[in-house]
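Enquirer: Protein sequences appear in the order of chains A and B. Mapped onto numbering that gives the first Met the number 0, the consecutive letters of the first sequence carry residue numbers 0 to 258. Mapped onto numbering that gives the first Met the number 0, the consecutive letters of the second sequence carry residue numbers 0 to 188. To start, I am sharing the structure in question, which I have written as structure tokens.
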Amino acid sequence: MTPPSDHDDPSLLVHAYLDGELDPAHALEVERRLAADPALAAERDRVEALRGAIRDRLPREAPSPDFMRRIEAIGGSAPASPHSVTHAASQPSWRALAASVLLAAFLGSGATWFVLHPGPAETTADLVLANHLRALMAPQPIDVASSDHHTVKPWFNGRIPEAPRVVDLASEGFPLVGGRIDVIGRVPVPTLVYRRRQHLISLTALPAQVAASLAAGPRTIAGYNTLSWTDNGLAYWAVSDVAAADLDAFEKAFREATP
Amino acid sequence: MESQGSGQEDDQARFRSVVLPHLADAYTLARWLTGNRTDAEDVVQEACLRAFRGIRGFAGVNARAWLLTIVRNAAFSWLGKNRPAALVMVDDLEAVEQRQAGGSAMEPDAGPEASLIAKVDAAQLEKAIAELPVPFRETLVLREVAGLDYREIAEATKVPIGTVMSRLARARQRLIAKIGMSEPGTNEP
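Okay, structure coming up:
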């Protein structure tokens, strides 16, 4: 952001800088001042130490299970749907176990709870959205953070059978943020994360046979847009809270890009 | 096409996908604003009922920020009823903030060593945060615990982004000062 003019006191700007809220020009200016001013650098160190202590040491008290059930009741009990019969709804414990093991690094208490209560309709759209939401709740939406596709692609090697096609689309307005492993229909699959302005786009590449075993599902769920296309034996699923038109532009950019 | 007949079920499905993933954050915010578990659960339950009733009005941009805004408003209703003193301070602080904004900016004066802050124990940190005035506390919790960005906090707390920035800085500076003071033998005379 561009800070308002009456707030350009250097100490304030250090906070906004550490929060990643400054535009590049102001961030550079703060870095320059930090290098020149030991008192300001000491302030930065104190704020960083405080943020670290809050992040690592402040106890997170989870709401009680009884309370969670009360709130869950507001949303009704999950109705049986045609899609859910053969999938997780009938075997929640298996699914929860698989997801817990594979995504252990992601799971805080709230996320765990979400995994344990899959939504009623297990379509591909629901699953990619669930993965996207779970990632947004985690401290990092990605396992490997890099805007360099030469870093992201090798990271997938050895973790999943086939590394996905990784391209950087920064010049099209979709910079690569990183990648992670998601689980769709019990199969670990690669997901690339791109950024559109302040929004993240998760792009999951599913083997065609996995995609074929699931119903596709709606294009819009709870305000999130999904978009899928098939290319070279893979079903690509993009999910984000960006506008549908942005997602269309993203698909075009991804399909036309050469690695 | 689906008819609109199953409105209740649609609302419930939307509630599950929009609200439930963010329940832990909602509870944490309420916990910090009310100060205890029982009241936090009451506030979140009230907020969730409001969220359910208003689920069709959710624009679909950021479910977490949307829910936390509702929780924050429910918490303020609760504070108004049960802890009016906490809210009186909002106005006072606002006035102080206005005066300070017109006057000289904060100086990054000498504070405790960063290494001392890094060693703060959980109980001390928790107490220091609990003692922050409500506007500072909610801004800090929304940023550091819930991870909202400045724009989202500005929308949730209904203040300009510049106010979010200065409240956050002041909240952190108060915490740093408090941690520095409470360490015997290390505070400056």
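Glycine residues also receive a C-beta, built at the ideal position from the N, C-alpha and C atoms.
#1: Considering only the beta carbon of each residue, do H14/A and L115/B sit closer than 8 Å?
#2: Taking the straight line between their C-alpha atoms, what separation do you get for G216/A and G74/A?
#3: So, using beta-carbon positions, are A144/A and G184/A closer together than 8 Å?
#4: Between the alpha carbons of S99/A and S165/B, how many angstroms are there, rounded?
#5: Please classify G222/A: does DSSP put it in a helix, a strand, or coil?
#6: Under the rule that 16 or more other beta-carbon atoms within 10 Å means buried, what is A243/A, buried or exposed?
#7: Report yes if the C-beta distance between H21/B and A84/B is below 8 Å; otherwise report no.
#8: If you check the beta carbons only, do I128/B and L139/B fall under 8 Å apart?
#9: Look at the alpha carbon of V158/B and the alpha carbon of Q208/A, and state the distance between them as a whole number of angstroms.
#10: I want to see whether chain A comes within less than 8 Å of F135/B, judged by CB atoms only; does it?
#11: Mind reading off the beta-carbon distance from I180/A to I159/A? Whole number of angstroms is fine, and I expect it under 8 Å.
#12: Could you tell me whether any Cβ in chain A is nearer than 8 Å to the Cβ of S165/B?
#13: Determine the closest residue to P37/A out of E112/B, R150/B, N72/B, with distance taken between C-alpha atoms.
#14: In whole angstroms, give me the CA-to-CA distance for E20/A and R36/B.
#15: For the pair the stretch 48–64 of chain B and the stretch 248–258 of chain A, tell me if three or more CB-CB distances fall below 8 Å.
#16: Over the uninterrupted beta strand (DSSP E) stretch that includes G178/A, give me the two end residues.
#17: Please name the residue or residues paired with H198/A in a DSSP beta bridge.
#18: Using the Cα positions of D24/B and V144/B, report the straight-line distance between them to the nearest angstrom.
#19: What is the DSSP secondary structure of P188/B, counted as helix, strand or coil?
#20: First and last residue of the beta strand (DSSP E) that includes L66/B?
#21: Residues of chain B with a CB under 8 Å from the CB of R196/A: which are they?
#22: Please state if the CB of V17/B and the CB of F75/B are separated by a distance shorter than 8 Å.
#23: So the candidates are N130/A, P23/A, W236/A, L39/A; which of them puts its Cα closest to the Cα of P9/A?
#24: Exposed or buried, what is T219/A when buried is set at 16 or more other beta-carbons lying within 10 Å of its beta-carbon?
#25: Could you check which residue in V60/B, A39/B, I152/B has the C-alpha nearest to that of D18/A?
#26: Give the straight-line distance between the Cα atoms of D41/B and L28/B, rounded to the nearest whole angstrom.
#27: Against chain A, with Cβ distances strictly below 8 Å, would T138/B count as a contact?
#28: Do you know offhand how far V70/B's Cα is from R15/B's?
#29: Which residues in the same chain as I160/B place their Cβ atom closer than 7 Å to its Cβ, once the five residues preceding and following it in sequence are excluded?
Expert: Answer, in terms of the structure:
#1: The criterion of a C-beta distance shorter than 8 Å is not satisfied by H14/A and L115/B.
#2: Near 20 Å, if we compare the C-alpha coordinates of G74/A and G216/A.
#3: Against a cut-off of 8 Å, the Cβ pair of G184/A and A144/A comes out as no contact.
#4: Note that S99/A has pLDDT 39, beneath the 50 cutoff, so the model's placement of it is unreliable and the number below is only indicative. If I take the Cα positions, the gap works out to 40 Å.
#5: Coil at G222/A, not helix or strand.
#6: With fewer than 16 other Cβ atoms within 10 Å, it is exposed.
#7: For H21/B and A84/B, no; Cβs fall outside 8 Å.
#8: Taking 8 Å as the Cβ cut-off, I128/B and L139/B qualify as a contacting pair.
#9: Cα to Cα, V158/B sits roughly 51 Å from Q208/A.
#10: It does not: the Cβ of F135/B has no partner Cβ on chain A nearer than 8 Å.
#11: The Cβ separation is near 6 Å, so the contact holds.
#12: Chain A, which has a Cβ nearer than 8 Å to the Cβ of S165/B, makes this yes.
#13: The shortest C-alpha separation from P37/A is found at E112/B.
#14: Whole-angstrom Cα-Cα distance: 32 Å.
#15: Verdict: no, contact absent.
#16: Boundaries of the beta strand (DSSP E) harbouring G178/A: 175–183, taken from the DSSP string.
#17: DSSP output for H198/A lists R195/A as bridge partner(s).
#18: Straight-line Cα distance between these residues: approximately 8 Å.
#19: Low confidence applies here, because P188/B scores a pLDDT of 39, under 50, leaving its location unreliable; read the following figure in that light. If DSSP states are grouped into helix, strand and coil, P188/B belongs with coil.
#20: Where L66/B is concerned, there is no enclosing beta strand (DSSP E), although the alpha helix (DSSP H) it sits in stretches over 62–81.
#21: Going along chain B, no residue has its Cβ under 8 Å from R196/A, so there is no contact; the nearest lies around 11 Å.
#22: Contact: no.
#23: Minimum Cα distance to P9/A is reached at L39/A.
#24: It is exposed - the Cβ of T219/A has fewer than 16 other Cβ atoms within 10 Å.
#25: Checked all of V60/B, A39/B, I152/B; the closest Cα to D18/A is I152/B.
#26: Looking at the two C-alpha atoms, the distance is approximately 13 Å.
#27: Taking 8 Å as the CB threshold, T138/B stays off the interface with chain A.
#28: If I take the Cα positions, the gap works out to 16 Å.
#29: Result list for I160/B: Y149, R150, A153, in chain order.
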